[in-house]
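Counting with our numbering, you get residues 429 to 656 for the letters of the sequence shown. Built from N, CA and C at the ideal position, the CB exists for glycine as well. Bear in mind the structure is a predicted one, so any value in this text is a computation, not a measurement.
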Amino acid sequence: MNIAGFQKNSFVDYPGKIAAVVFCGGCNFNCWYCHNRHILHGYDAIDEREVFSFLEKRKGQIDAVVFSGGEATLQKDLAEQMRRVKDMGYLVKLDTNGANPKVLSALIGAGLPDYVAMDIKAPFARYKETTGVAADIAAVQKSVSILTGGQTEYEFRTTCVPQFAPEDIESIAKEIAGARLYALQQYRHTDTEHKISPIRLAPHERAFFDESRRLARKHIENVVIRGI
Ligand code: SF4
429 MNIAGFQKNS FVDYPGKIAA VVFCGGCNFN CWYCHNRHIL HGYDAIDERE
479 VFSFLEKRKG QIDAVVFSGG EATLQKDLAE QMRRVKDMGY LVKLDTNGAN
529 PKVLSALIGA GLPDYVAMDI KAPFARYKET TGVAADIAAV QKSVSILTGG
579 QTEYEFRTTC VPQFAPEDIE SIAKEIAGAR LYALQQYRHT DTEHKISPIR
629 LAPHERAFFD ESRRLARKHI ENVVIRGI
């Protein structure tokens, strides 16, 4: 596994649990605001033996391990590594952009992730503006159906970039109507984004989130706001 980063303790990455976070190198998207741009093309920085030795020592003190990225589903041995941490007694969470429904389905079929957080980057018709690539929308939609039709706990989440209006969030909510949980996350500036977009746009104020949640709740009962 290409491990580009490892966070030993997090109180925000697994709902209600203390988690360690494994950041996998490489991603098939190129979101302009990405906070992990330095690992998008792979970055084999951390020896997995270090990670597992830490997890071995912290059994009972940490509840869960999150496989994040980059895009974790690009890792060929993801299932194997999830199995390893599960066998150690940890809960397992996957963070994904949803572009690999076959991998997602196989992981769920094998009973590996206990929780999946999937990004919905934009209304489907506007994915390229955010992801910077001609994303396979049918694949993302398939991942949405896998999660909404399955038994694994999950959430969808959207980083609310300054270009979005509340109506864009409502469009997304319609496209994932009936979801178990939809999280609206605040966008934060990154230093690297200005190489892609020279315009520094201000993050949304609270009023945007309140209105977005009001509109999204027409389609999804449980809508939460994070980071503001
Ligand atoms: S999907 Fe996530 S890791 Fe990949 S470019 Fe977008 S924000 Fe970065």
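Inter-residue spacing [alpha-carbon to alpha-carbon] between residue i and residue j
i: His469; j: Gln591; result: 26 Å
i: Asn456; j: Glu499; result: 7 Å
i: Val544; j: Leu575; result: 8 Å
i: Pro443; j: Ala562; result: 32 Å
i: His632; j: Asp515; result: 42 Å
i: Ala601; j: His647; result: 6 Å
i: Phe552; j: Phe482; result: 40 Å
i: Glu484; j: Ala492; result: 12 Å
i: Phe480; j: Lys487; result: 11 Å
i: Asn464; j: Ile604; result: 26 Å
i: Leu629; j: Arg512; result: 43 Å
i: Gly517; j: Ala635; result: 42 Å
i: Gly433; j: Ala607; result: 31 Å
i: Glu649; j: Leu540; result: 27 Å
i: Asp638; j: Ala566; result: 30 Å
i: His466; j: Asn437; result: 21 Å
i: His617; j: Cys588; result: 12 Å
i: Tyr582; j: Met546; result: 8 Å
i: Thr524; j: Leu535; result: 12 Å
i: Gly454; j: Gln503; result: 9 Å
Rounded Cβ spacing between residue i and residue j (contact assumed at less than 8 Å)
i: Ile597; j: Leu612; result: 7 Å
i: Phe495; j: Leu522; result: 5 Å
i: Ile446; j: Ile490; result: 5 Å
i: Glu476; j: Met429; result: 6 Å
i: Thr558; j: Asn528; result: Not quite, the Cβ-Cβ distance comes to about 18 Å (not below 8 Å), so this is no contact.
i: Leu643; j: Glu595; result: 7 Å
i: Gly526; j: Ser571; result: 4 Å
i: Gly497; j: Cys459; result: With a Cβ gap of about 11 Å, Gly497 and Cys459 do not count as contacting.
i: Ile548; j: Thr580; result: In fact, because the Cβ distance is near 17 Å, the residues do not count as touching under 8 Å.
Beta-ladder partner(s) of residue i, from DSSP
i: Ser438; result: Ala447
i: Val651; result: Tyr610
i: Cys452; result: Ile431
i: Asp547; result: Arg585
Any non-hydrogen atom of ligand 3 within 7 Å of residue i CB
i: Cys459; result: Ligands displayed in this structure: ligand 1; ligand 3 is not among them.
Beta carbon proximity, residue i to chain C, threshold 8 Å
i: Arg634; result: No chain C is present in this structure, which holds just one protein chain.
Whole alpha helix (DSSP H) elements within the stretch 483 to 544, 4-residue minimum:
Secondary structure in the stretch 483 to 544: the alpha helix (DSSP H) runs of 4 residues or longer, each lying completely within the stretch, are 506 to 515 and 529 to 537 in chain order.
Complete runs of the beta strand (DSSP E) confined to the stretch 575 to 621 [at least 3 residues]:
Listed in chain order, they are 581 to 588 and 610 to 614.
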